[in-house]
Amino acid sequence: MKKYSHFSTTLLVLTLIFSSCGNQGKGNSASSGALSSNNAEKVYVAPGEHDDFYAFMSGGYSGNLTVYGLPSGRMFKEIPVFSQFATSGYGYSEETKPMLNTSFGFVPWDDSHHPDISQTNGELDGRWIFINGNNTPRIARISLTTFETEEIIEVPNSAGNHSSSFITENTEYVVAGTRFSVPVPQQDMPIKEYKGNFKGALSFISVDPEHGHMSLEFQILMPGFNYDLSHPGRGKSHGWFFFTTYNTEEANSLLEVNASQNDKDFIAAINWKKIEEYVNAGGGTKMPANYAHNVYDEGTHTATSTMKKEVLTVDPTKIPGAVYFLPTPKSPHGCDVDPTGQYIIGNGKLSADLTVHSFDKMLAAIEGKKFDGEAYGIPILKFEDVLAGQVKSGGLGPLHTEFDGQGNAFTTFFISSEVVKWKLGTWEVIDRKPTYYSVGHLMIPGGNSRKPFGKYVVAMNKITKDRYLPTGPEMEHSAQLYDISGDKMELIYDFPTHGEPHYAAGCPAELLAPKSKKIYRLDENKHPFGITTPTDAKVVREGNEVHVYMSTIRSHFTPDNIEGIKVGDKVYFHITNHEQDFDVPHGFAIIGQNTSELLIMPGQTKTSVWEPKQVGVWPFYCTDFCSALHQEMQGYVRVSPANSKIEISWSLGE
Amino acid sequence: MKIRSKSVTIIFSLLLMACGGKEEKKQEGFSVDRTKTTTEKPVEATPAVSATPPSERVALNNKGVGPIKSITLDAEIDQAMAKEGEEIYGRMCLACHKVDKKFIGPAPIGVLERRSPEWVMNMILNPEVMVKQDPLAKELLGEFNGAPMANQGLTEEQARAVLEYFRTL
Chain A
1 MKKYSHFSTT LLVLTLIFSS CGNQGKGNSA SSGALSSNNA EKVYVAPGEH
51 DDFYAFMSGG YSGNLTVYGL PSGRMFKEIP VFSQFATSGY GYSEETKPML
101 NTSFGFVPWD DSHHPDISQT NGELDGRWIF INGNNTPRIA RISLTTFETE
151 EIIEVPNSAG NHSSSFITEN TEYVVAGTRF SVPVPQQDMP IKEYKGNFKG
201 ALSFISVDPE HGHMSLEFQI LMPGFNYDLS HPGRGKSHGW FFFTTYNTEE
251 ANSLLEVNAS QNDKDFIAAI NWKKIEEYVN AGGGTKMPAN YAHNVYDEGT
301 HTATSTMKKE VLTVDPTKIP GAVYFLPTPK SPHGCDVDPT GQYIIGNGKL
351 SADLTVHSFD KMLAAIEGKK FDGEAYGIPI LKFEDVLAGQ VKSGGLGPLH
401 TEFDGQGNAF TTFFISSEVV KWKLGTWEVI DRKPTYYSVG HLMIPGGNSR
451 KPFGKYVVAM NKITKDRYLP TGPEMEHSAQ LYDISGDKME LIYDFPTHGE
501 PHYAAGCPAE LLAPKSKKIY RLDENKHPFG ITTPTDAKVV REGNEVHVYM
551 STIRSHFTPD NIEGIKVGDK VYFHITNHEQ DFDVPHGFAI IGQNTSELLI
601 MPGQTKTSVW EPKQVGVWPF YCTDFCSALH QEMQGYVRVS PANSKIEISW
651 SLGE
Chain B
655 MKIRSKSVTI IFSLLLMACG GKEEKKQEGF SVDRTKTTTE KPVEATPAVS
705 ATPPSERVAL NNKGVGPIKS ITLDAEIDQA MAKEGEEIYG RMCLACHKVD
755 KKFIGPAPIG VLERRSPEWV MNMILNPEVM VKQDPLAKEL LGEFNGAPMA
805 NQGLTEEQAR AVLEYFRTL
């Protein structure tokens, strides 16, 4: 009783407090209330309606790429790239295991950082999206028709593949620079002998215009600095590529201190057209190498992995006019080029100011041979001669810059947690808005191309803290969406993102939505173990290997009873989904599977290996709720002792 | 309560038995026992539907709902078209429709004695709408266990070829 009255008193008091608070809010905030409801409308995509933009966010330590809609912030898909993915069986199925093959063997994970959409004439063309794997250096190409990873190429002589994967304005090359310099070729040597001996490889990987197939054309072996980020020249600076460097001190230990000694590091300006000419004329040195090239074929639904044994390396000091260093304060991180190609922005992460170099002034300084010395034979231009201007923002820890196509730039500040809008040419700060918290990259759809779509900017934060309901010590990262269509930025939305998104790439929805594939045509299925009619379903023993040619349709497997399997067999279930209707996948799981389930799209064939270890009758079933009779979609495999004489047999409905 | 749950179980096992014809012999004693106690109920349940199951009903004037409004068939069967239809049928339909006996769905043999050519083609081309708007298709869905007819994305031309193949059966 006593407790009760306590409770009701508390309730009464609380209610009073709350209602008075509420009244206050209503009374004095008519204007701000209207404003925030306006913001709600800006991000509200009504049920059944579609977003205006796609946003592709890297997964960071998830190794994948996630697809979001803007402005709603809804996540549509996680595309497996460098990591095994049980949802679809990527990296577990026989067809996709080769995608994760490397010179280090099967590597089922990576750290994916910088997605970039293919371009034609410097504008997004929506054919493919590329992304880098940092840890075991790789570049992946993902189809923007199927939204599946189609190709992965390993990058030899590279380590911490970070200044990647950025593409030139006609997708001539996808470029991958090393973060860590290493011995090239790798060898057993004392770490202390780093300075002057290690090399930084910058790799130019060509992209076949028709199929997108990648080929490592040449590697520029640069001095042993850390190559942090990069972007291509565009428009007038097309043909050049710019890389930020740090650790020009060439420290091999305690970089936190030792790599922050120099007052200025460099932006390396690479005239890749000149190097391309040199290489085409037979220049460069072929070096033995060992790297994997993995290609997925949409017709056979199967990937193959090939080991490449040679790479063409280029010593930049042998090509006059190919490489210059632009001094840039203070361990610059982001390296961004404005839509006209005139300005190259290097954000010294330990500096308060942004450094903007001028492409025209750079060419003039090169012409006038105004050098300030050289580093390992590479000419250093004079800082004052190439400087276009500095943005005195008052922020701390500038990282990355994107552009709205209206003459404005937007830069993130990690330490002071904000996005700053400033004007190209006058360098004046126009606006600044806080982020929550510690922002890394930001993304404007098309914001690193000649034609940005300057309606929204997404800020991707490293720290979440109190932004959402807590989920224990580990949380998803937060992203903020700003409306940048007006003079002032407006924070309109905040949503969690999966993994640790570093960079992102976005494009208008109409560029991709109409051509998004709905099904794989069964009459185009060229999988060697695929069957296009259930009458071809069969089970074939080849020694200890058993191949099950199986088909699915709502809601049964053909066959669904299999006998004659023995302990010690290796059973390959090759499953073709005979549906030809949009969004009718079937799944396959069998008890004791040591890999993962499969999710098979209409018209597709996938294979799961099963090695039965125990005698018995074991069920399998469909994992995707495919129809009202989904729970009926199941079957049995009879497993007999290893010395059993039972012949292989199979059936359905008998 | 107990009694009710028991009889539900019994009905359920009856239903199961009806499906698994082959197993009957092995479990004779067990099943006969149960059958007797509840013969009435399932018999009562069935007449609610029509006496003739929808699959056997003749409805030659029903053209169904879909893109095909009217089709004229030549007196002669176009053998080349029928052959193409057979090939499409093998790839797209056979998983659920065995040619001469009921499987997941009904067998196509003799279908043109019961259905108009338009209805057949609309069922192939527009199954999602048919099972909602065509009363016969709706009833058929019930007769065939609620297993939906899959839309296999055939073109009109392909569906026409499958129809020609049905004429040869």
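Those protein sequences? They're chains A and B, same order as listed.
The numbering of the first sequence is our numbering, which starts it at 1 and goes up by one.
The numbering of the second sequence is our numbering, which starts it at 655 and goes up by one.
For every residue, glycine included, the Cβ atom is placed at its ideal position computed from N, Cα and C.
Beta-carbon proximity list for residue i, same chain, < 6 Å, skipping 5 on both sides
i	result
A:S695	Since the first and last residues shown for chain A are 1 and 654, residue 695 of chain A lies out of range.
A:V279	F218
A:F383	P327
A:P559	A537, W650, S651 and L652
A:G447	E402 and F403
B:Y743	V816 and Y819
A:Y291	S103, E154, P156 and K308
A:K566	S640, A642 and S644
A:H293	I153, T306 and K308
A:V391	L354, W422 and W427
A:K515	T145
A:K658	For chain A, the structure presents residues 1 to 654; residue 658 of chain A sits outside this window and is missing.
Listed by chain order, chain B residues near residue i by CB distance under 8 Å
i	result
A:E579	A804 and Q806
A:T558	A749
Neighbourhood of residue i by C-beta, 7 Å cutoff - its chain only, sequence neighbours within 5 removed
i	result
B:K752	A761
A:G373	I380
A:G603	I519, Y520, R521, L522, N525, N577 and Q580
A:V388	The amino acid at residue 388 of chain A is misidentified as Val; the sequence shows Ala. Correct list, in chain order: Y343, V356, H357, S358 and K361.
A:E654	none
A:G568	N544 and A642
A:N262	T248 and E249
A:P661	Lying before the first or after the last residue shown, residue 661 of chain A is absent from chain A, which here runs from 1 to 654.
A:K433	E418, V419, Y482, M489 and L491
A:G616	V639
A:Y194	G224, E250 and N252
A:V184	N157, K199, A201 and L221
Within chain A, the residues that residue i reaches when beta carbons sit closer than 8 Å
i	result
B:N799	L629
Beta-carbon neighbours of residue i, restricted to chain B and to distances below 7 Å
i	result
A:I553	A749, C750 and A804
A:G635	What A:G635 touches in chain B: nothing, since even the nearest Cβ is about 14 Å away.
A:G653	F757
Buried versus exposed call for residue i [16 or more other C-beta atoms within 10 Å across all chains shown]
i	result
A:H211	exposed
B:G800	exposed
A:S72	buried
A:T168	buried
A:V548	buried
A:E41	exposed
B:I758	buried
A:N134	buried
A:K318	exposed
A:S112	buried
B:E677	Residue placement at B:E677 is flagged as unreliable, the pLDDT there being 44, under the threshold of 50; the coordinate-derived value follows with that caveat. With fewer than 16 Cβ atoms within 10 Å of its Cβ, B:E677 is classed as exposed.
A:F625	exposed
B:I731	exposed
A:S485	exposed
A:E150	buried
A:T313	buried
Below-8 Å beta-carbon distance, residue i vs any chain C residue
i	result
A:G499	Of the protein chains in this structure, namely A and B, none is chain C.
Residues near residue i in its chain [Cβ-Cβ closer than 8 Å; skip 5 each side]
i	result
A:K97	G91, F106 and A303
A:P452	P339, E402, F403, D404, G405, I444, P445 and G446
Could you tell me whether the segment 523-536 of chain A touches the segment 458-478 of chain A, using the rule of 3 or more Cβ pairs below 8 Å? no
Could you please tell me which residues of the segment 723-748 of chain B, in chain order, have their CB closer than 8 Å to any CB of chain A? G744, R745, M746 and L748
Three CB pairs or more closer than 8 Å across the segment 583-596 of chain A and the segment 86-103 of chain A: yes
Relative to chain B, which residues along the segment 511-535 of chain A have a C-beta separation below 8 Å, given in chain order? I519, L522, D523, T532, T533, P534 and T535
If contact is defined by three or more beta carbon pairs under 8 Å, each pair taking one atom from either stretch, is the segment 635-647 of chain A in contact with the segment 761-773 of chain B? no
Specify whether the segment 243-256 of chain A and the segment 267-274 of chain A touch according to this definition: at least 3 beta carbon pairs, one from each stretch, less than 8 Å apart. yes
Count the CB pairs spanning the segment 438-457 of chain A and the segment 500-507 of chain A that are closer than 8 Å, and state whether there are at least three. yes
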